[in-house]
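Trainee:
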Amino acid sequence: MTTAALSSAPLSKAALFEAQAVKTSARRNRLLSLPALIIIGIFGVLPLVIICVYSFLVAAPYGGVQWQFSTDAYLNFLFQRDIFDDTLQFTPDFLIIYLRSFLFAVVTTIICLLLGFPTAYFMATRPPAQRNWWVLLITIPFWSNLLVRTLAIMFIIRDEGLINNALLALGVIDRPITMLYTNFAIQLGLLYAFLPFMVLPLYSSLEKLDFRLVEAAYDLYATRRQVLWRVIIPLSKPGIIAGCLLVFIPALGAYVTPLILGGGVHLMIGDLIAQQFGSGRNWPLGCAQALILMAAVLVALYFYVRNTSGKVQHG
Amino acid sequence: MAEPRVMDIKDQPGFRSIAIICLLVLYIPVLILMIFSLNSGSLVTHWEGVTLKWYGSAFLNQEFHSAAKNTLIISVTATIVSTICATLAAIGMTRVKPWRGLAAAFMVINLPLMVPEIITAVATLSFFALIAGTLGLNFGIGNLILAHTVFCIPFAYMPIRARLEDMDLTLEYAAADLYATPWNAFKRITLPLLVPGIMSGAALAFIVSFDDFTITQLVAGPGQTTLPLYIWNQIRRPMTPEINAISTILLLVSILFVSVSFLIARRRAK
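Chains as they are written, first to last, in the working numbering: chain E, 23 to 337; chain U, 807 to 1076.
#1: So is U/Thr1022 buried or exposed if we call it buried at 16+ other beta carbons inside 10 Å?
#2: Give the single residue among U/Ser1006, U/Trp1038 and U/Pro1044 whose Cα lies nearest to the Cα of U/Phe1068.
#3: Could you check how far apart the C-beta atoms of U/Val1025 and U/Asn949 are, in whole angstroms? I think they sit under 8 Å.
#4: At 3 residues or longer, what runs of the beta strand (DSSP E) sit wholly inside the segment 1022-1047 of chain U?
#5: Tell me where the beta strand (DSSP E) around E/Leu338 begins and ends.
#6: Quick one: measure Cβ to Cβ for U/Phe870 and U/Ile1052, integer angstroms, because I've assumed they're closer than 8 Å.
#7: Alpha carbon to alpha carbon, how far is E/Asn51 from E/Phe177? Give it in angstroms, no decimals.
#8: Between U/Ile824 and chain E, is any beta-carbon pair separated by less than 7 Å?
#9: State the start and end residues of the unbroken beta strand (DSSP E) segment that holds U/Phe992.
#10: When the distance is taken between beta carbons, is U/Ala884 closer than 7 Å to U/Thr955?
#11: How many angstroms separate the CA atom of E/Asp94 from the CA atom of E/Ile271?
#12: Which ranges does the alpha helix (DSSP H) cover as unbroken runs of at least 4 residues, wholly within the segment 948-993 of chain U, from first to last along the chain?
#13: Could you check whether the Cβ of U/Phe1068 sits closer than 7 Å to any Cβ belonging to chain E?
#14: Nearest-angstrom Cα distance between U/Thr1046 and U/Ser1060?
#15: Enumerate in chain order the residues of its own chain whose CB-to-CB distance from E/Thr219 is below 8 Å, with the five nearest sequence positions on each side excluded.
#16: Along the chain, where does the alpha helix (DSSP H) that runs through E/Arg103 open and close?
#17: At 7 Å on the CB atoms, spell out the chain E contacts of U/Trp905, in chain order.
#18: Considering just the uninterrupted stretch of the alpha helix (DSSP H) at U/Met913, what are its terminal residues?
#19: Classify E/Leu320: buried if its beta carbon has 16 or more other beta carbons within 10 angstroms, exposed otherwise.
#20: Apart from the five residues just before and just after E/Tyr203, which ones in its own chain have a Cβ nearer than 8 Å to its Cβ?
#21: Give me, in chain order, the residues of the same chain whose beta-carbon lies closer than 7 Å to that of U/Phe1016; leave out the 5 immediate sequence neighbours on both sides.
#22: Could you check what DSSP says for E/Val321 in three-state terms: helix, strand or coil?
#23: Using a Cβ distance threshold of 8 Å, determine whether the segment 61-71 of chain E contacts the segment 914-921 of chain U, with at least three qualifying pairs required.
#24: Which stretch, first to last residue, makes up the alpha helix (DSSP H) that contains E/Arg246?
#25: Using a 10 Å radius around the Cβ and a threshold of 16 neighbouring Cβ atoms, would you call E/Met290 buried or exposed?
#26: DSSP has U/Asn845 in a bridge; who is on the other side?
#27: CB E/Ser55 to CB U/Met899, shorter than 7 Å?
#28: Let me check understanding here. Comparing Cα to Cα, which of E/Phe206, E/Ile132, E/Ile162 and E/Tyr76 lies closest to U/Ile1013?
#29: Are the CB atoms of E/Ala142 and E/Val221 nearer to each other than 7 Å?
#30: Counting only beta-carbon atoms, is E/Asn329 nearer than 7 Å to chain U?
#31: Which residues of chain U have a Cβ atom closer than 7 Å to the Cβ of E/Arg103, listed in chain order?
#32: For E/Gln152, which residues does DSSP report across the bridge?
#33: U/Ala1011 and U/Cys958 - do their beta-carbons sit closer together than 7 Å?
The following block contains the structure:
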C-alpha cells in the first residue's frame, strides 16, 4: 500500500509512462495489440459489414443471397408485396414481434432492478468475509450455462413439472396449469437468466458507497426512506444504469430463452432472425432484422454514454 | 426484536429477505435439475431413488463422447489463442504512451460484448458462407474455433488489463533504472506479476467458449456437435435423466472454472 501511495503522489501515471517511454522502447508496444485487433477485425467486424451488404441483396431460393441490389428486405420488414397487383400492404407482424421483445426486455429490466437493488445493497453492507461468499454465489449463475439454466426452469414449470405436481398433490388444482410455452414462461426465463447481470454491477457501485454521507443524512433527521431515495439511490446511479443496460441489451436480443420456453410459438427478435437463416431461407431479411435490432442496441448505448460521460465519478 | 438497540445506519428494512429470496430463486431450479440426475426412475419428473446410472450411460454414449471431444478441441484452442492475443493487446494498450486510435482499438476489442449474440451468430454464419462460396475456403471445425476466439478475447482481456492497471509501476521503472532491457524487465517483473490475471482471463474465456450455444448452433456444420448442441438435440426427444446428468456435468465445469477465476482474483486483492 505504501509503495503504491508513494508512486502515485509525486509522479503521475502519465509522467511515469513518459519516463519509461524514453528509457525503453515502449512506443513499439502498441504493435502488440495487432493480433487481437486483426482477429476481431476479420472475424468480428467484417462479418457485420457483410450483413450490412447482404441486407441490400436478394434472397437465393435455397438460402444465401443473389448479388442483385434491392431494398426489399427493409420494405418486407413493414410491408408485404401483393403477388397480383404488386402493391405494398402494411403488415405489422415483424413490428409486433419487435415491440413484444421490447416489452419483455423492459419488464425484465424493471423487475431485475427491483429485486437486484436490495440484494446488491444487502451484499455490500455485509462484513467483508461474508461479502466474498455472496459475490461468489451470484457470480456462479452469472457464468453458468444459460441453456442448462433455462432447461432447469422448463423442468419446473412443465405440465408434469414440480410446481404442477406439488399443486396436484396438495389438491389445490385438479389439472395441471399450462405454464410452458406461454408468455409467462418466457418472462420468467428472462428474469432468471439476467438477474445476476443486474446484481453484479449494482454491487460494485454500492460497495464504494461512502456511508458517512448516509450518517450525515440521519444526523439531519432524514428517515430511512429518505436516505434510500435521496442519498443511496442517487449515489449509485452509475451502477443502476450499467446494470439496466447489461440486462436490457441481452434480454432484447434473447434467443435461447424464447426458443426453449416459448416453444417456437411465442417469438422474440432473436428467434425471428435465426428463423430467416433456417427454415425461412431469407438471408437478406434476416440481415435487415439483425441490423434493426443493432440500431435499437446502439440507441440504448448512446443513452448510456450520454448519461455517464462528463460526470466525475468519485472513488 | 422489541428490545431497543443502536440503529444500524446501513440497514434498510426488507432488503435481507429480498436478497435471500433472490439467492433461492437462482439456485433452486438448478439444484432440482442436479438432484434429478441421480433419479433411478426413467421419468424426468418422478423420484424413485438414488443412482449414478445416468452418468454411466452418458459416459458410454458415443454421441456424448464426440460432442465432448469437439467441445474440448474448440474451447481449449480458442482459450489458448484468445488468452495470448488478449495478453499482448492488454500490454500494447496499457504499457505505452497513449497513441492515436487507442480508444478505437479498445472499442474493437470490446465489440463482441456489445453486439447481441444472435447478431454475431448470423454475421459469422454469413461470413463463412461467403468465403466458402467465393474463395472455396472452409476451415471445418476451425470455423467454430475462430468464431469462439473472437468473443473469448474481450473476456480474457478484462482481468488481464485490470491486473496491469493495478500493478505497481515503480517496479518496472526500477528495473529499467537498473539497466534491464525492456524484454528482461517484462520477463522478470511484469510477466510474473501478470500470471494471476492471465489465468483468471483464461478461465473466463474457457467458460464462455465451453458454454456457448447461440453462435455455435448457427455456425456449426454437420458433425460439429458440441455439448450444448447435444443437449439441445436431446431436449426435442422424449427425455431421460441422462440429460440432467450431462447438464449437471456442464454446470459443474462452469462452477469449477468460475471459482478458480474468482479465487485467483481474490488473492490478488489481499
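C-beta: ideal position from N, C-alpha, C; glycine also.
Mentor: With the given structure in hand:
#1: buried
#2: U/Ser1006
#3: 6 Å
#4: none
#5: The question about residue 338 of chain E has no answer here: the residues shown for chain E are numbered 23 through 337.
#6: 7 Å
#7: 52 Å
#8: yes
#9: It is not in any beta strand (DSSP E) - U/Phe992 carries neither H nor E in the DSSP assignment.
#10: yes
#11: 27 Å
#12: 975-983 and 988-991
#13: yes
#14: 23 Å
#15: As written in the sequence, residue 219 of chain E is Phe, which differs from the Thr given in the question. For E/Phe219, where only same-chain residues beyond five positions count, the Cβ hits under 8 Å are Cys134, Phe164, Gly265, Leu268, Val269 and Pro272.
#16: Segment Phe101 to Arg103 is the beta strand (DSSP E) holding E/Arg103; no alpha helix (DSSP H) there.
#17: Arg52
#18: Leu908 to Met920
#19: exposed
#20: Leu283, Gly284, Gly285, Val287 and His288
#21: Thr877, Ser881 and Val1059
#22: helix
#23: yes
#24: Arg246 to Val249
#25: buried
#26: U/Val856
#27: yes
#28: E/Ile162
#29: yes
#30: no
#31: Neighbours of E/Arg103 on chain U: none; closest Cβ ~23 Å, over 7 Å.
#32: Answer by DSSP bridge pairing: none, since E/Gln152 is not bridged.
#33: yes
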